[in-house]
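Colleague: I'd like to ask you about the structure that follows.
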Amino acid sequence: PSLLVSTPSQGAPPVQSAPQATAPAPPPQVDTGTSASSSGDLKVTERAAPPEQKKDASIPSRDKKAVQKYTHKSPPHASGRVQEMRREKTVAGEHAALEKTPGSMTRQERDMNLYMARTYETQKNYRQALMHYRRVLAVEPNNYVVMNNIASMLIYLGSCEEAIGYAQKALDVKRSYVFSLINLGISYGCLGKQSESESYFRRALAIEPSNHHALLNLGLLYEKQNAFDSADRYYRRLSEGENIQGYLGLARIAEKQRKIDDAVRFYKMAISMENIDPHTAAMVNERLIQLTK
1 PSLLVSTPSQ GAPPVQSAPQ ATAPAPPPQV DTGTSASSSG DLKVTERAAP PEQKKDASIP
61 SRDKKAVQKY THKSPPHASG RVQEMRREKT VAGEHAALEK TPGSMTRQER DMNLYMARTY
121 ETQKNYRQAL MHYRRVLAVE PNNYVVMNNI ASMLIYLGSC EEAIGYAQKA LDVKRSYVFS
181 LINLGISYGC LGKQSESESY FRRALAIEPS NHHALLNLGL LYEKQNAFDS ADRYYRRLSE
241 GENIQGYLGL ARIAEKQRKI DDAVRFYKMA ISMENIDPHT AAMVNERLIQ LTK
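279 is the number that this note's numbering gives to position 279 of the sequence shown; each next residue is one higher, with no gaps.
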């Protein structure tokens, strides 16, 4: 089995054997108009500037000429209000200018592309998600979050070599970006370069020792190599954080080592978790039935 990239939206892997290829390390959720962060310090997006105020549509059309005539011949004491109206118009114009991103895309268009990309991603339509992420990157060439999102989509699509390029570009912008380190580890693992894969996962853990994506992928990497003691170590660290993948990994290893009592115990721990999804629960029940015959 190949490396697992774990994402919250993806179902749990099969428990009978090591999971198949997993999803890329999830980037921070891009929430248009709000701040989002992978580590608490990254402001992904700013609130869009308020749109230009629309003119009052409550004035009947038959009175418009009268209103225009009145404002054109405003008495001296109304000059202050006219200046205020002009100032409001200038401020609205400034807001409109602020809505432009560094490229030719407005901020609203940029946020819409991010929203569409995330929507397609949750629907597992990775090609469409990739298209929208690329549009944003075209006008924000140094946006390392979007670079990593593109790497994630490419991993899902099996283009691991291309994914390496984008994940590395993200690291060039922010050297300590854990999500890109994990995606590099996954990409190299998909290409069969186990040493490089392990190195990037370890670098991610050096920055975030409890990162469950790095822990899970290291466990899977060692499990694939039948290095069960090493895999066991990382799965236990996952289980200590009440991560169901830790219990499932420990159960698989116990099965492979013919430690049936231990396997049953770990499967029972997994199925007792409140956040277990129905599909995983069904698979765990099947394993328990087989092991307790």
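Heads up, the beta-carbon is just placed ideally off N, CA and C, and yes, glycines get one too.
These numbers come from a predicted model, not from an experiment.
Between the beta-carbon of residue 153 and the beta-carbon of residue 129, is there less than 7 angstroms?
Modeller: Taking 7 angstroms as the Cβ cut-off, residue 153 and residue 129 qualify as a contacting pair.
Colleague: Under a three-way DSSP split, which group does residue 106 fall into?
Modeller: In the structure shown, residue 106 sits in a strand (DSSP, three-state: E or B).
Colleague: Looking at the secondary structure, which residues open and close the alpha helix (DSSP H) in which residue 245 lies?
Modeller: Looking at the DSSP string, the run of the alpha helix (DSSP H) that includes residue 245 is 244-256.
Colleague: Return the first residue and the last residue of the alpha helix (DSSP H) that residue 199 is part of.
Modeller: Counting along the chain, the alpha helix (DSSP H) containing residue 199 begins and ends at 194-207.
Colleague: Check whether the region 172-184 touches the region 195-205, taking contact to mean three or more Cβ pairs, one atom from each stretch, closer than 8 angstroms.
Modeller: The region 172-184 vs the region 195-205: in contact.
Colleague: Does the region 247-260 touch the region 216-232, meaning 3 or more C-beta pairs lie closer than 8 angstroms?
Modeller: Contact between the region 216-232 and the region 247-260 is present, because at least three Cβ pairs lie under 8 angstroms.
Colleague: To the nearest angstrom, how far is the alpha carbon of residue 124 from that of residue 236?
Modeller: Taking the straight line joining both Cα atoms gives about 30 angstroms.
Colleague: Closer than 6 angstroms by C-beta to residue 166: which residues in its own chain qualify, once you throw out the five before and the five after it? Chain order, please.
Modeller: Answer for residue 166: 147, 150 and 151, listed in chain order.
Colleague: Locate the alpha helix (DSSP H) running through residue 214, then write down its first and last residues.
Modeller: Unbroken alpha helix (DSSP H) run through residue 214: 212-224.
Colleague: Which of helix, strand or coil does DSSP assign to residue 277?
Modeller: Three-state result, residue 277: coil.
Colleague: Once DSSP output is grouped into helix, strand and coil, what is the label at residue 261?
Modeller: Three-state DSSP puts residue 261 in a helix.
Colleague: Do residue 260 and residue 291 have their CB atoms nearer than 7 angstroms?
Modeller: Cβ atoms of residue 260 and residue 291: closer than 7 angstroms.
Colleague: For a test of the three-state rule: what should DSSP assign to residue 240, helix, strand or coil?
Modeller: Helix at residue 240.
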